[in-house]
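K.L.:
Handing you this structure, nothing more for now.
Residue numbers (mature numbering (1 follows the signal peptide of the UniProt record, and there is no 0)): -26 to -1, 1 to 364.
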């Protein structure tokens, strides 16, 4: 049952993106308050979205709790506000959810989701089972939209999964996923980004078990462009990653990515580009600027030899080829490396696909006593980079 009301006060928001001004979530005319279900709150959530899918506001009231026992898939939303002030609990681990893409999908145009509430992914059972097949918490496929000012906790896999989106703002998230025992919260990326352009991710606090940011491609001849990441604090993750790209010989393209004014604390990697051996396509115009790293195991890294354990045969046979990497710029990167004995700078490119136009400017990362020598392999112009000889 959905409580359905009307009001006349219009709501509009202006989203200022680096490439233009776009209206977001204009003129809501109806309000649909999500009711509780006796069996599965996914049912009443879908009812609310159906009634308010055009020019409406879907409300999850403060102090309300919704328990999902099935997947929530919305599409065709237009000019919709989503006020998530309450809590949504995702289902506990079951076989039926393995290898799923998501638990909740929000798809449409001119959507604004906000409210200060929480989505709880109930991930502990997945981590305890060492099961990496869980769905992502929230998939977003939206144009001219904004999502932010709510929390995602205990994600079984990626927290935010963005695909086929343009002109999208992600902002003011608190993301917190930490295991309560010795089984780590693996594969819990904060943001996975696919097939999208004009995405801003900013002003968020992340505590996770994998990439703080991962730009990933899943099909041929589809790109990610015009991505800006700023004012992010990430703890315990795998850093700010471009990739992985080129898996299984895929042809992937990533360009115009700017990551700046951000922090990574106790992260395995700091700032990273990772492509698979044998991959095709290109990575270019990537800028990491004003980044603070604290005890990063691999502070600055480019690798064209990324591979999964179960794909080593393919990777070994294609070890010296990968995507073309050009125009990657590291500037004002400071902080400290860990005591794990890794290089502060590790730029390891392929013989047949050497990296070019890679610059290091004002790098000030303190070393531990056991940090090894910096690595610059198959990097054009490395003789002009002072860090490559230290």
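Ideal Cβ placement from N, Cα and C applies to all residues, glycine included.
Buried or exposed for residue 10, please, with buried defined as at least 16 other CB atoms from any protein chain shown within 10 angstroms of its CB.
P.N.:
As a first step, residue 10 must be located in the chain shown, where it is residue number 36. Counting Cβ neighbours within 10 Å, residue 10 comes out exposed, since fewer than 16 surround it.
K.L.:
With a 10 Å radius around its C-beta and 16 neighbouring C-beta atoms as the bar for buried, classify residue 170 as buried or exposed.
P.N.:
Taking the first residue of the chain shown as position 1, residue 170 is located at position 196. Counting Cβ neighbours within 10 Å, residue 170 comes out buried, since at least 16 surround it.
K.L.:
Leaving out the 5 sequence neighbours to the left and right, which residues in its chain are closer than 7 Å to residue 247 when beta-carbon positions are compared?
P.N.:
By one-based count along the chain shown, residue 247 stands at place 273. Excluding positions up to five away in sequence, the list reads 216, 217, 257, 260, 276, 299, 302.
K.L.:
With 16 other CB atoms within 10 Å as the buried threshold, where does residue 360 fall?
P.N.:
Counting from one through the chain shown, the residue named residue 360 turns up at place 386. So residue 360 counts as exposed.
K.L.:
Which of the three DSSP states is assigned to residue 64 in this structure?
P.N.:
Residue mapping note: residue 64 aligns to position 90 of the chain shown, counting from 1. DSSP places residue 64 in coil when its eight states are reduced to three.
K.L.:
Quick one: what's residue 30 bridged to in DSSP?
P.N.:
Here residue 30 refers to the residue found at position 56 when the chain shown is read from its first residue. Answer is 4.
K.L.:
Determine whether the beta carbon atoms of residue 245 and residue 213 lie at a separation below 8 Å.
P.N.:
For the purposes of this step, residue 245 is taken as residue 271 along the chain shown, with counting starting at 1. For the purposes of this step, residue 213 is taken as residue 239 along the chain shown, with counting starting at 1. Going by C-beta atoms, residue 245 is nearer than 8 Å to residue 213.
K.L.:
Distance check for residue 130 and residue 22, CA to CA, integer angstroms please.
P.N.:
For the purposes of this step, residue 22 is taken as residue 48 along the chain shown, with counting starting at 1. For the purposes of this step, residue 130 is taken as residue 156 along the chain shown, with counting starting at 1. Each residue's alpha carbon lies about 26 Å from the other.
K.L.:
So, with DSSP's three-state summary, where would you put residue 48?
P.N.:
Here residue 48 is taken as the residue at index 74 of the chain shown, counted from 1. Here residue 48 sits in coil by DSSP.
K.L.:
With the cut-off set at 8 Å, would you say residue 143 and residue 164 are in Cβ contact?
P.N.:
One-based indexing of the chain shown puts residue 143 at position 169. One-based indexing of the chain shown puts residue 164 at position 190. Taking 8 Å as the Cβ cut-off, residue 143 and residue 164 do not qualify as a contacting pair.
K.L.:
Do you know how far the Cα of residue 106 is from the Cα of residue 65?
P.N.:
Counting from 1 along the chain shown, the entry for residue 65 is found at position 91. Counting from 1 along the chain shown, the entry for residue 106 is found at position 132. One C-alpha to the other measures close to 16 Å.
K.L.:
With respect to the beta strand (DSSP E) encompassing residue 177, which residues constitute its N-terminal and C-terminal limits?
P.N.:
Against the chain shown, residue 177 aligns to sequence position 203. Residue 177 -> beta strand (DSSP E) spans 171 to 181.
K.L.:
Taking only three categories from DSSP, how would you classify residue 318?
P.N.:
Within the chain shown, the letter at position 344 stands for residue 318. The answer is coil: DSSP assigns residue 318 none of H, G, I, E or B.
K.L.:
Taking all protein chains shown into account, do 16 or more other C-beta atoms lie within 10 angstroms of the C-beta of residue 68, making it buried, or fewer, making it exposed?
P.N.:
One-based indexing of the chain shown puts residue 68 at position 94. Its Cβ having fewer than 16 others within 10 Å, residue 68 is exposed.
K.L.:
Where residue 114 and residue 280 are concerned, what is the direct C-alpha to C-alpha distance, given to the nearest angstrom?
P.N.:
Translated into the one-based positions of the chain shown, residue 114 becomes position 140. Translated into the one-based positions of the chain shown, residue 280 becomes position 306. Each residue's Cα considered, the two are about 27 Å apart.
K.L.:
On the CB-based measure, 16 or more other CB atoms within 10 Å of its CB, does residue 321 come out buried or exposed?
P.N.:
If you number the chain shown from 1, residue 321 lands on position 347. Buried.
K.L.:
At the level of alpha carbons, what is the spacing between residue 32 and residue 233?
P.N.:
Here residue 32 corresponds to residue number 58 of the chain shown, with the count starting at 1. Here residue 233 corresponds to residue number 259 of the chain shown, with the count starting at 1. Looking at the two C-alpha atoms, the distance is approximately 33 Å.
K.L.:
One question on the structure: do residue 323 and residue 349 come within less than 8 Å of each other, judged by their Cβ atoms?
P.N.:
The count along the chain shown starts at 1 and reaches residue 323 at position 349. The count along the chain shown starts at 1 and reaches residue 349 at position 375. No, these two residues do not count as a Cβ contact at 8 Å.
K.L.:
Closer than 7 Å by C-beta to residue 153: which residues in its own chain qualify, once you throw out the five before and the five after it? Chain order, please.
P.N.:
Here the question's residue 153 lines up with position 179 in the chain shown. Cβ neighbours of residue 153 beyond the five flanking positions: 98, 101, 159.
K.L.:
For residue 15, I'd like the list of residues in its chain whose CB is within less than 7 Å of its CB, leaving aside the five on either flank, ordered along the chain.
P.N.:
For the purposes of this step, residue 15 is taken as residue 41 along the chain shown, with counting starting at 1. For residue 15, where only same-chain residues beyond five positions count, the Cβ hits under 7 Å are 40, 41, 42.
K.L.:
DSSP three-state call for residue 13: helix, strand or coil?
P.N.:
The residue given as residue 13 occupies position 39 in the chain shown. Coil at residue 13, not helix or strand.
K.L.:
With C-beta atoms as the reference, is residue 185 less than 8 Å away from residue 211?
P.N.:
Here residue 185 refers to the residue found at position 211 of the chain shown. Here residue 211 refers to the residue found at position 237 of the chain shown. Yes, the pair counts as a contact, with Cβ atoms nearer than the cut-off.
K.L.:
How many Å lie between residue 1 and residue 26 at the Cα?
P.N.:
As a first step, residue 1 must be located in the chain shown, where it is residue number 27. As a first step, residue 26 must be located in the chain shown, where it is residue number 52. Note that residue 1 scores a pLDDT of 45, beneath 50, so its modelled location is shaky; the value from the coordinates is reported in the next line. Approximately 12 Å between the Cα atoms of the pair.
K.L.:
Could you give the residue range of the beta strand (DSSP E) that holds residue 98?
P.N.:
Stepping through the chain shown from its first residue, residue 98 is reached at position 124. Counting along the chain, residue 98 falls outside any beta strand (DSSP E), though it belongs to the alpha helix (DSSP H) covering 98 to 102.
K.L.:
So what does residue 255 bridge to, in DSSP terms?
P.N.:
Locating residue 255 in the chain shown gives position 281, counting from the first residue. Per DSSP, 226.
K.L.:
Helix, strand or coil for residue 297, going by three-state DSSP, please let me know.
P.N.:
Along the chain shown, read from residue 1 onward, the residue named residue 297 stands at position 323. In this structure, residue 297 counts as coil in the three-state DSSP scheme.
K.L.:
Using the Cβ count rule (16 or more neighbours within 10 Å means buried), how would you classify residue 346?
P.N.:
The count along the chain shown starts at 1 and reaches residue 346 at position 372. Under this definition residue 346 is an exposed residue.
K.L.:
Would you grab the beta carbon distance between residue 297 and residue 328 for me? Rounded to a whole angstrom, and I think it's under 8 Å.
P.N.:
For the purposes of this step, residue 297 is taken as the residue at position 323 of the chain shown. For the purposes of this step, residue 328 is taken as the residue at position 354 of the chain shown. Between residue 328 and residue 297 the Cβ distance is about 12 Å, and since that is not below 8 Å, they are no contact.
K.L.:
Hey, how far is the Cα of residue 35 from the Cα of residue 57?
P.N.:
Position 61 of the chain shown, counted from the start, is the residue given in the question as residue 35. Position 83 of the chain shown, counted from the start, is the residue given in the question as residue 57. Cα to Cα, the separation comes out at about 8 Å.
K.L.:
Which residues in the same chain have their Cβ closer than 6 Å to the Cβ of residue 304, if we skip the five residues on either side of it in sequence?
P.N.:
As a working mapping, residue 304 is identified with position 330 in the chain shown. Excluding sequence neighbours, residue 304 sits near 262, 274, 334.
K.L.:
Which residues mark the beginning and the end of the beta strand (DSSP E) in which residue 280 is found?
P.N.:
The residue you call residue 280 lines up with position 306 of the chain shown. From DSSP, the beta strand (DSSP E) with residue 280 extends over 272 to 280.
K.L.:
Report the residue from 83, 91, 96, 90 whose alpha carbon sits nearest the alpha carbon of residue 77.
P.N.:
Position 103 of the chain shown, counting from 1, holds the residue named residue 77. Ranking the options by Cα distance to residue 77, first place goes to 96.
K.L.:
Quick check: the Cα distance between residue 140 and residue 341, rounded to an integer number of angstroms?
P.N.:
Taking the chain shown and counting its residues from 1, the one referred to as residue 140 is at position 166. Taking the chain shown and counting its residues from 1, the one referred to as residue 341 is at position 367. Approximately 41 Å between the Cα atoms of the pair.
K.L.:
Give the straight-line distance between the Cα atoms of residue 316 and residue 150, rounded to the nearest whole angstrom.
P.N.:
For the purposes of this step, residue 316 is taken as the residue at position 342 of the chain shown. For the purposes of this step, residue 150 is taken as the residue at position 176 of the chain shown. Approximately 28 Å between the Cα atoms of the pair.
K.L.:
Considering only their Cβ atoms, is the gap separating residue 289 from residue 255 smaller than 8 Å?
P.N.:
Taking the chain shown and counting its residues from 1, the one referred to as residue 255 is at position 281. Taking the chain shown and counting its residues from 1, the one referred to as residue 289 is at position 315. In this structure, residue 289 does not lie closer than 8 Å to residue 255 by Cβ.
K.L.:
Pop quiz: residue 110 and residue 146 are said to be a contact at Cβ under 8 Å. What is the actual Cβ separation, rounded to whole angstroms?
P.N.:
As a first step, residue 110 must be located in the chain shown, where it is residue number 136. As a first step, residue 146 must be located in the chain shown, where it is residue number 172. At roughly 20 Å, the Cβ-Cβ gap does not stay under 8 Å, so residue 110 and residue 146 are not in contact.
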